[in-house]
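**Student:** Below is the structure I would like to discuss, written out as structure tokens.
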Amino acid sequence: MTRHDLKPILVFDSGIGGLTVLREARVLMPERGFIYVADDAGFPYGGWEEEALTKRILSLFTDLLGTYQPEICVIACNTAFTLAGAALRQAFPMMTFVGTVPAIKPAAERTRSGLVSVLATPGTVKRAYTRDLIQSFASQCHVRLVGSENLARLAEAYIRGEGVNDEAVTAEIAPCFVEKDGARTDIVVLACTHYPFMANVFRRLAPWPVDWLDPAEAIARQARRMVPAADHTEHGQDYDFAVFTSGNPDFATRRLMQGFGLRIL
Ligand code: DGL
């Protein structure tokens, strides 16, 4: 069986943040081809009204599943999955959706100070899903939710090679750092798949060292569990491609995709 005979894995995000998950997924599923879908026409998802965004995502998936018939879909976007994960599973019961949710449980298990921050889009911090995660897994911790208006955009600019201003980034991450009764935040959950691209910048600008928790590998492991292992005899990069809902990604984005071995359809 060749790589082309196997169904591809579809990885979805509002922009290029899902590449942080794709990177890990490829390591664990070398026999599979990948279709990366960026809903850049809808980016950023963080500020969308909930009903309208759910409708948009459901309608996109009606087309995507019909066109590409993937083995599974990885929703590499906290903002999309915490909102529309249940609706997707209900609308397409034959498809497996692997989701991305804020890594609050592992953070609560790992923190020593008991002070954890969740850095996410304004959409994700508002979600009932996120509140439920805190209640179920982190009730013994002090969890600070930080909804960032600008970081997803800044991360897109950064990864495309445009300069980003240190002060602008510092302003976005500063609320994550809490001091309380002599204790300090020791874990910041990167609850938007765009943010791990900037982890080095965050580390440099942080007022003190913390663990920046990136869930990409855990998501990839979960995806691997859902995809039957198969022998393959061919390793062609040419099978992997990216789809942009705008139909027109800019030059820097095209180059970035090339760097990830993704053709643009
Ligand atoms: N990458 C997305 C997430 O994980 C969000 C970026 C956006 O569209 O605002 O939440």
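First residue of the sequence shown? That's 16 in the numbering used here, and the numbers climb one at a time after it. By construction, the Cβ of each residue, glycine as well, lies at the ideal position given by its N, Cα and C atoms.
In this structure, what does DSSP give as the bridge partners for Arg-283?
**Tutor:** Past the edges of the chain, shown from 16 to 280, lies residue 283, and the structure says nothing about it.
**Student:** Pick from Phe-152, Ile-72, Pro-45: whose alpha carbon is nearest that of Lys-120?
**Tutor:** Phe-152
**Student:** Would you tell me roughly how many angstroms separate the C-alpha atoms of Ile-188 and Thr-139, rounded to the nearest one?
**Tutor:** 16 Å
**Student:** Is the beta carbon of Pro-137 closer than 7 Å to that of Ala-206?
**Tutor:** no
**Student:** Give a yes or no on contact between the stretch 66 to 73 and the stretch 90 to 103, applying the rule of three or more CB pairs nearer than 8 Å.
**Tutor:** yes
**Student:** Among the residues of its own chain, which have a CB less than 6 Å from the CB of Ala-257, if the five just before and after it don't count?
**Tutor:** Tyr-51, Met-272, Leu-277, Ile-279
**Student:** With H, G and I counted as helix, E and B as strand and the rest as coil, what does DSSP make of Cys-88?
**Tutor:** Of the three classes helix, strand and coil, the one that applies to Cys-88 here is strand, per DSSP.
**Student:** Could you spell out the range, first to last residue, of the alpha helix (DSSP H) harbouring Ile-31?
**Tutor:** That residue, Ile-31, is in no alpha helix (DSSP H); it is neither H nor E in DSSP.
**Student:** When the Cα of Leu-103 is compared with those of Asp-55, Leu-220, Ala-221, Leu-75, which residue comes out closest?
**Tutor:** Leu-75
**Student:** Could you work out which residue in Gln-237, Gly-129, Pro-108, Pro-224 is closest to Gly-197 when comparing CA atoms only?
**Tutor:** Gly-129
**Student:** Below 8 Å on the Cβ atoms is my contact criterion, and I expect Pro-85 with Lys-22 to pass it. Report the Cβ-Cβ distance as a whole number of Å.
**Tutor:** That pair is a contact at about 6 Å.
**Student:** By how many angstroms is the C-alpha of Pro-59 removed from the C-alpha of Ile-31?
**Tutor:** 11 Å
**Student:** Which of the three DSSP states, helix, strand or coil, is assigned to Gly-262?
**Tutor:** Here Gly-262 sits in coil by DSSP.
**Student:** Give the single residue among Pro-243, Arg-38, Phe-27, Asp-20 whose Cα lies nearest to the Cα of Pro-211.
**Tutor:** Arg-38
**Student:** Is it true that the CB of Glu-46 sits closer than 7 Å to the CB of Ala-231?
**Tutor:** no
**Student:** Could you give the C-beta distance for Val-133 and Ala-91, rounded to a whole number, given that I count them as a contact under 8 Å?
**Tutor:** Not quite, the Cβ-Cβ distance comes to about 17 Å (not below 8 Å), so this is no contact.
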